[in-house]
Each structure stands twice: as C-alpha cells, then as structure tokens.
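Q: Before I ask anything, here is the structure I am working with.
Number of protein chains: 2
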Amino acid sequence: MTEINISNKEPIFPISAAAKLLNISVHTLRMYEREGLFIPYKKDTNQRSYSKADIERIKCIRNAINESKISINGIKTIYSLIPCWQVIKCSEEDRKKCEGYIGHGKPCWSYSHPNTMCENKNCRECDVYNNFSECGKVKELIKSISR
Amino acid sequence: MTEINISNKEPIFPISAAAKLLNISVHTLRMYEREGLFIPYKKDTNQRSYSKADIERIKCIRNAINESKISINGIKTIYSLIPCWQVIKCSEEDRKKCEGYIGHGKPCWSYSHPNTMCENKNCRECDVYNNFSECGKVKELIKSISR
DNA sequence: GATAGTTGACATTTATAAATGTCAATAAAA
DNA sequence: TTTTATTGACATTTATAAATGTCAACTATC
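In the order they appear, the protein sequences are chains F and A.
Under the numbering used here, residues 107 to 253 are what the first sequence spells out, in order.
Under the numbering used here, residues 107 to 253 are what the second sequence spells out, in order.
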C-alpha cells in the first residue's frame with residue numbers, strides 16, 4: 107500500500123513522456139505549469155519530472171478545460187477557494203498576512219507566503235496541494251469543514 | 107435605510123434599460139440568464155424586470171468574464187461551491203437528496219430541489235442567492251463557516 | 001389600433017483563450 | 001562527441017466561447 111503510494115508520487119517521467127501519456131504537447135504542459143495549475147518535481151538541473159499522481163492531476167485539469175469548459179483562470183479561482191488555512195491549521199497572525207488566505211484568483215501554492223508557517227515548505231509536498239490530485243474534491247473539503 | 111434596500115431590490119428596469127445600464131446587449135443578458143448566472147424578476151406576463159441590485163450583480167459577472175477571464179462555466183462552478191446548506195441550515199435528509207449539496211457545475215438556484223425545504227422557495231428571495239450580489243463573497247463565506 | 005419593446009428559437013459572427021510554432025542555449029543519452 | 005531532449009522567450013495559429021443577427025408570435029405604450 108505504502109509502496110504503491112510512494113511509487114505514485116515518485117517523479118519518473120520526463121516531460122515528453124508525460125505529454126505522451128496525456129495526449130497533449132510539451133508546450134501545453136508547460137503553459138499549465140506557468141499558470142500555476144500544478145508543480146512538477148524539478149531535478150537539480152532544472153529539468154521537470156512527473157509522477158503518476160502528477161499525470162492524474164493533470165488529467166483532471168484537462169477534463170475541466172475540455173469537457174467542463176472551465177477556463178484556466180476559472181480553475182485558478184476555484185483552487186483559490188480551497189480552505190488551506192483549515193487544512194494546515196495556520197495561526198490567525200499568519201492568515202492576516204498570507205496571500206493564500208486573503209487573495210483571489212490564484213491557488214495558495216502560487217504564492218511564496220513570506221513570514222508564515224508555509225514560507226519554507228515545498229508546496230508540492232503539502233496536503234493542501236496533494237488533496238486535490240483527484241477531481242471534484244474542492245466542494246467535498248468545503249463540506250467537511252462546515253460540519 | 108430599509109427604504110434604500112427595498113428600492114435596491116425593487117425590479118424597476120425593463121431588459122432594455124438594464125442592458126443600457128450595463129453597456130451590453132439584451133441578447134447577452136438573456137444568455138447569462140439562460141446559463142443560470144442570475145434570476146431576474148418576472149412579471150405575470152413573463153416579462154423580465156431588473157432591480158439596482160440585479161444590475162450590480164451582473165456587473166460582477168461581467169467583470170469576472172471580461173477582466174478576470176473566467177468562463178461562464180467557471181462562474182457556474184464557483185457558484186456551485188457556495189455552502190448553501192450552511193446558509194439555510196437544511197437537514198441531513200434534505201442534503202442527501204439535494205442537487206445543490208451533491209451537484210457540481212451549477213449554482214444551487216439552477217435546481218428545483220424537489221422534496222427539500224427549498225422546494226417551494228423562490229431562489230431570487232433566498233439569502234444564498236442574495237449574499238452574492240457583491241463580488242468576491244464566496245471565499246468570505248467559506249472562511250466564515252470554517253470558524 | 002398603430003408603434004415600439006419583449007420573448008424564445010435558431011443561425012451566424014467575432015473576439016480571444018488555448019494550443020502550437022520557432023529558436024538558441026543547455027542538459028541528457030547513446 | 002555526436003545525437004536527441006529540455007529549457008525559456010517570443011511569435012503565430014486555431015478552436016470555440018461569447019456575443020450578435022434574424023424572425024415570428026406576443027405584450028406594452030401612446
């Protein structure tokens with residue numbers, strides 16, 4: 107079980123393989139990334155590397171764009187509604203100065219969160235980021251925090 | 107104060123006046139409505155009538171489309187994340203069968219909510235609908251319920 | 001009762017977001 | 001050490017969402 111998860115998260119595909127698996131161009135993949143839709147692993151040589159979980163995440167994004175007709179800015183805005191502050195239980199002081207809490211239009215993992223508990227975290231490893239590798243989870247999380 | 111609110115909500119503009127105030131065509135206005143973005147008042151003769159609050163609401167929608175580049179389906183999906191169940195405090199049983207709670211991609215006010223407490227409500231009069239006549243309130247509500 | 005505005009349905013146009021193309025520098029593999 | 005892949009930056013193309021056009025039946029206003 108744990109092994110499977112590890113291997114799902116292991117970044118093993120270069121960008122060309124990821125593009126092939128997703129049936130899209132390398133270009134498009136890099137555009138999505140530039141928009142902040144996802145964060146691939148980067149080797150020390152600055153080359154991108156994708157895990158199976160990354161591929162699944164991007165499938166969701168693709169589906170949102172192509173089937174659900176949600177624009178990239180729409181997806182970013184939806185991600186910005188994820189109640190990250192509840193997931194990571196950050197302090198009131200952190201929230202006051204955190205773009206992820208205050209901001210609109212961009213997912214929290216697009217910001218650098220200076221002077222907060224997220225400052226030195228790698229968002230790719232964060233629960234906020236990882237809980238949404240599957241589609242349609244945003245509303246589920248909103249439901250769960252409103253108990 | 108109350109007078110001002112009443113007059114803000116009073117449907118006084120025919121569709122042509124609303125279109126002029128918003129600098130858009132009657133066509134576009136009716137398209138947005140068909141998509142479920144808003145619910146104008148309808149006279150018994152089936153003619154639409156818009157209040158000042160309606161105009162403000164549609165300004166927000168316009169801004170989302172034109173400035174923020176969020177597609178109509180994106181806006182619908184964002185509206186579908188409004189935790190209506192918290193606003194109206196509906197029962198667990200109602201939630202189980204309510205599209206507004208279960209569904210994705212459409213605002214709750216697009217559904218007919220059969221066999222729920224919303225069944226015979228006019229969504230145009232509902233707090234869920236009215237709390238979002240101002241822009242950017244969705245995240246605020248998500249914050250407020252996660253206290 | 002004549003003129004102007006509204007409705008819904010279907011068709012067409014346009015604006016632009018999304019997707020590719022090109023290229024020179026850098027890194028990996030063969 | 002030559003070939004193949006990746007990077008970022010800028011330019012161009014294309015697919016299609018958003019916006020209009022048209023029309024015949026219905027409603028309001030004068």
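For glycine and all other residues, C-beta sits at the position ideal for the given N, C-alpha and C.
Within 10 angstroms of the Cβ of residue 233 of chain F, are there 16 or more other Cβ atoms? Answer buried if so, exposed if not.
A: exposed
Q: How should residue 100 of chain F be labelled, buried or exposed, when 16 other C-beta atoms within 10 angstroms of its C-beta is the threshold for buried?
A: Outside the shown range of chain F (107 to 253) lies residue 100 of chain F, about which nothing can therefore be said.
Q: Taking residue 185 of chain F as part of the alpha helix (DSSP H), name the residues at either end of that continuous run.
A: 178 to 186
Q: In whole angstroms, give me the CA-to-CA distance for residue 191 of chain F and residue 226 of chain F.
A: 16 Å
Q: Determine which residues of the stretch 209 to 223 of chain F have a Cβ less than 8 Å from any Cβ of chain A, and write them out in chain order.
A: 210, 211
Q: I'd like to know whether the C-beta of residue 235 of chain A is nearer than 8 Å to at least one C-beta of chain F.
A: By this cut-off, residue 235 of chain A is not an interface position.
Q: If you run the structure through DSSP and keep just helix, strand and coil, what is residue 148 of chain F?
A: strand
Q: Check whether the Cβ atoms of residue 187 of chain A and residue 243 of chain F sit closer than 8 Å, and answer yes or no.
A: no
Q: Show which residues of chain F have a CB atom less than 7 Å away from the CB atom of residue 248 of chain A.
A: 187, 189, 248
Q: Using the Cβ count rule (16 or more neighbours within 10 Å means buried), how would you classify residue 140 of chain A?
A: exposed
Q: So what's residue 113 of chain F in DSSP terms, helix, strand or just coil?
A: helix
Q: Distance, Cα to Cα, residue 107 of chain F vs residue 238 of chain F?
A: Note that residue 107 of chain F scores a pLDDT of 49, beneath 50, so its modelled location is shaky; the value from the coordinates is reported in the next line. Between residue 107 of chain F and residue 238 of chain F, the C-alpha separation is close to 20 Å.
Q: Excluding five sequence neighbours on each side, which residues of the same chain lie with their C-beta closer than 7 Å to the C-beta of residue 208 of chain A?
A: none
Q: Could you give the uninterrupted runs of the alpha helix (DSSP H) lying entirely in the stretch 185 to 209 of chain F, keeping only those of 4 residues or more?
A: 190 to 194, 198 to 203, 205 to 208
Q: I want to verify the contact list: residues of chain A whose CB lies under 7 Å from the CB of residue 244 of chain F, in sequence order.
A: 187
Q: Measure the C-alpha to C-alpha separation of residue 113 of chain F and residue 157 of chain F and round it to an integer number of angstroms.
A: 8 Å
Q: If you reduce the DSSP assignment to three classes, tell me which class residue 138 of chain A lands in.
A: helix
Q: Can you tell me whether residue 146 of chain F is buried or exposed? The criterion is at least 16 other CB atoms within 10 Å of its CB, across all chains shown.
A: Buried.
Q: Short check: CB of residue 130 of chain F to CB of residue 155 of chain F, under 8 Å?
A: no
Q: Is residue 108 of chain A close to chain F? Criterion is C-beta to C-beta, closer than 8 Å.
A: Since pLDDT at residue 108 of chain A reaches only 49, below the 50 mark, its modelled position is unreliable, and the value read off the structure follows with that caveat. So no, residue 108 of chain A is outside the interface.
Q: May I ask you to report which of helix, strand or coil DSSP gives residue 252 of chain A?
A: DSSP places residue 252 of chain A in coil when its eight states are reduced to three.
Q: Sort A/169, A/161, A/168 by Cα distance to residue 115 of chain A and report the nearest one.
A: A/161
Q: State the beta-bridge partners of residue 155 of chain F as determined by DSSP.
A: F/147
Q: So residue 169 of chain A and residue 241 of chain A are in contact, right, with Cβ under 8 Å, and what is the actual spacing, rounded?
A: 7 Å
Q: To the nearest angstrom, how far is the alpha carbon of residue 210 of chain F from that of residue 175 of chain A?
A: 13 Å
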